[in-house]
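In the working numbering, the protein residues as written are 39 to 709.
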């Protein structure tokens, strides 16, 4: 027997390492989706991640084999070549399932790493057995054992990285982790190859090294690399679809949300200019359902209600879930008032049939408000406001009622009802706070959040801020409400700081009447002192309108607050008529670009140029620039390229309750 010399093509060896790194990167990204998914979706992502890991190990091995040549003809048993991928993919699936379905201990990762290491080694040596040639293979046991140890160590490191990256999602971390994994997989392969000795009978001759490789294996490798690339593209498509779903669909019911309905309705009204009807439904006494049966069963009822309602809506209707327990149906068809009442009555009758929730019958009723275009408005906002006013009237007058909007009857009535309920709502804790995270571009993480007040009334259901805040301002309740918001927000922030929460600052909107009053500075400093909260954790947002009412007073108030290290942000910048005139005079810290400018940033060159101008202007005054209302990935990328400092909007996150924000940080500590 004579020993055969071996030869490697360096460029293909390098390619195998690059593929190992790329495949590891794809697998890491798939692993992230496992973390953020549940149920059947989680199982699907585990399967894809396992296949991706198996493809990566398999590709590194067989690209490495394409780089390898002997002075004899070599072919491959394609059946064994394909079979060799099963151990790596199967063991990866078991490991990923273990990591994402139980409490992780070091022992769990060690055992899972050992199993995957053995399976990778099995894949390697099964792949080696697929070689068909006039030569025999023998192995050096120490090097074989070393290759298995390397495989186990790489697997352990990979699993540890997977587990660690559930909390750290920075691109730099993933690139470093992918490089470590790719190099580790390649190291195992080439150590295993070093363990192999190739020899042939002395009477046989060879014809020198053959760099020409068998075409079936080349085609198979290209196919597998194509699958890896498809996985990579699938992640990008999934992320885009997820962003769209977050922006335009309701999480609980999977129905279109208010934003989606508004876009559809306004588009239709603008293009078709035909009559349409809008019915707004609200589940009566839903708060009682939550208190009696619990929030989990309340959510089940909400889903059941939406499913039944969806079945009742004809093809020409568009159903959406609004805030709280409100639903809206847009009928793209002309109806008389009598036809509308009959259709709404039919809906309410069928929705009053009992629902079975956890084997218990639950009966609820609903109220409805109806509006028509163009009679009651030519935009969605006008139609929605009209239907909402009629709905409030229906709920106020006995519930389980249907009311068609009448301007002379309902405009003042709705406002009067809300104003009468306001102070009682404050006393009964019907208001609550939500926090919308803001993404810091330079730090690449969430560092602050805007505080937003919400109201769920036992009488009216969810009352949008766009309705109750103007009424509070008009009726003298806004200062009392603002004080409650400041107190509750600072209390929550102090609790978070005591628990080492990553959120560093909250921003609270201040109304014009309170901003220009003597009480603001005293109220803010008193609340900060009450909770022993450092003022650096609080920012106050004011509007241009409140400043323009009295510039000298505004400057004085801001300077007093700034002296106590309380930062001030100018909200909705660009909507006032004298922005540029006043900006240089204001000792503010941040500038918030209004959503109306962001909407046009990717659809109009002028819109993009205008945002660039605002950012440059803010930078000239050394201001921190925040863009609000960012809803798409394209808007986010454009704003980053324009050197915007902070991003806020549904592309980052919807407004979240305190507990929801805690969960948000657990999953997305860094973006």
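Glycine residues also receive a C-beta, built at the ideal position from the N, C-alpha and C atoms. Remember, predicted model here, so these are calculated numbers, not experimental data.
Judged by DSSP in its simplified three-state form, residue 487 adopts strand. A straight-line Cα-Cα distance of about 14 Å links residue 191 and residue 144. A distance below 6 Å between beta-carbons, with the five flanking residues on each side excluded, links residue 300 to the following residues of its chain, in chain order: 418. Between residue 703 and residue 564, the alpha-carbon positions lie close to 30 Å from each other.
Classified as buried, residue 577 has 16 or more neighbouring CB atoms from the shown chains inside 10 Å of its CB. The region 381–391 makes no contact with the region 323–333: fewer than 3 CB pairs, one atom from each, lie closer than 8 Å. Between residue 629 and the set 557, 566, 553 and 545, the nearest pair of CA atoms involves 545.
By the neighbour-count definition (other C-beta atoms within 10 Å, threshold 16), residue 374 is an exposed residue.
Rounded to the nearest angstrom, the gap between the Cα atoms of residue 96 and residue 181 is 20 Å.
When beta bridges are read from the DSSP output, residue 316 appears opposite 368 and 409. The way I'd put it, the region 157–170 does touch the region 228–235; three or more beta-carbon pairs between them come closer than 8 Å. In the structure shown, residue 43 falls within a coil segment according to DSSP collapsed to helix, strand and coil. In this structure the region 684–694 does not lie against the region 644–652, because fewer than three pairs of beta carbons, one per stretch, are closer than 8 Å. For the beta strand (DSSP E) assignment, the uninterrupted runs of no fewer than 3 residues enclosed by the region 609–666 are, from N- to C-terminal side, 628–631 and 662–665. The Cβ-Cβ distance between residue 497 and residue 510 does not fall below 7 Å. In the assembly as shown, residue 333 is an exposed residue. Its beta-carbon has fewer than 16 other beta-carbons within 10 Å. Residue pairing of residue 579 in beta bridges, as defined by DSSP: 547 and 607. Excluding its 5 nearest sequence neighbours in each direction, residue 54 has C-beta neighbours in its own chain below 7 Å: 98, 101, 102, 105 and 224, listed in chain order. According to DSSP, residue pairing for residue 436 in a beta bridge does not occur. In the DSSP annotation of this structure, the continuous segment of the beta strand (DSSP E) that includes residue 398 starts and ends at 398–400. Counting along the chain, the unbroken beta strand (DSSP E) around residue 238 starts and ends at 234–238.
Between residue 575 and the set 586, 407, 127 and 488, the nearest pair of CA atoms involves 488.
Nearest to residue 63 by alpha-carbon distance, out of 189, 387 and 216, is 216. In its chain, beyond the 5 residues on either side, 455 have a beta carbon closer than 6 Å to the beta carbon of residue 434. From the listed residues 584, 185, 72 and 121, the smallest Cα separation to residue 136 is found for 72. Under the rule that a run must span 4 or more residues, the alpha helix (DSSP H) segments found entirely inside the region 155–237 read 179–202 and 209–232. Per DSSP, the beta bridge partners of residue 501 are 493. When DSSP states are grouped into helix, strand and coil, residue 481 belongs to the coil group. When Cβ pairs closer than 8 Å are counted between the two stretches, the region 108–119 is seen to touch the region 169–188, the count reaching three or more.
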